[in-house]
Amino acid sequence: MMENFWNTVSKYPVFVAGTILGVFLNAVKPLAPLLKNPVTAIALGGVAVGGFAFVAFTLRAMLGLQQL
Numbered sequence: 005m006m007e008n009f010w011n012t013v014s015k016y017p018v019f020v021a022g023t024i025l026g027v028f029l030n031a032v033k034p035l036a037p038l039l040k041n042p043v044t045a046i047a048l049g050g051v052a053v054g055g056f057a058f059v060a061f062t063l064r065a066m067l068g069l070q071q072l
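Position in the sequence shown counted from 1, then plus 4, gives you my numbering.
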């Protein structure tokens, strides 16, 4: 019975990874045509970097972390 339990539990990480990958691919797919134009590709890259920096700085402030 426990062997069946661990066999079932071991399948969940694959399910979670597949779900996250599917959500990511469905979010990026509509942005693919924008990457064909260099101007919009640069703008999209800037938005991505800015969004990452915003989240990073917000989490640092919320958690009270010191800058390196």
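Here a beta-carbon is modelled for each residue, glycine too, at the ideal position from N, C-alpha and C.
Spatial distance of residue i from residue j (CA atoms)
i: Gly-55; j: Ala-47; result: 12 Å
i: Phe-58; j: Asn-8; result: 44 Å
i: Ala-21; j: Val-27; result: 10 Å
i: Thr-44; j: Ala-60; result: 24 Å
i: Trp-10; j: Pro-17; result: 12 Å
i: Gly-68; j: Gly-49; result: 28 Å
Reduced DSSP category for residue i - H, G, I as helix; E, B as strand; rest coil
i: Met-5; result: coil
i: Leu-69; result: coil
i: Asn-41; result: coil
i: Lys-33; result: helix
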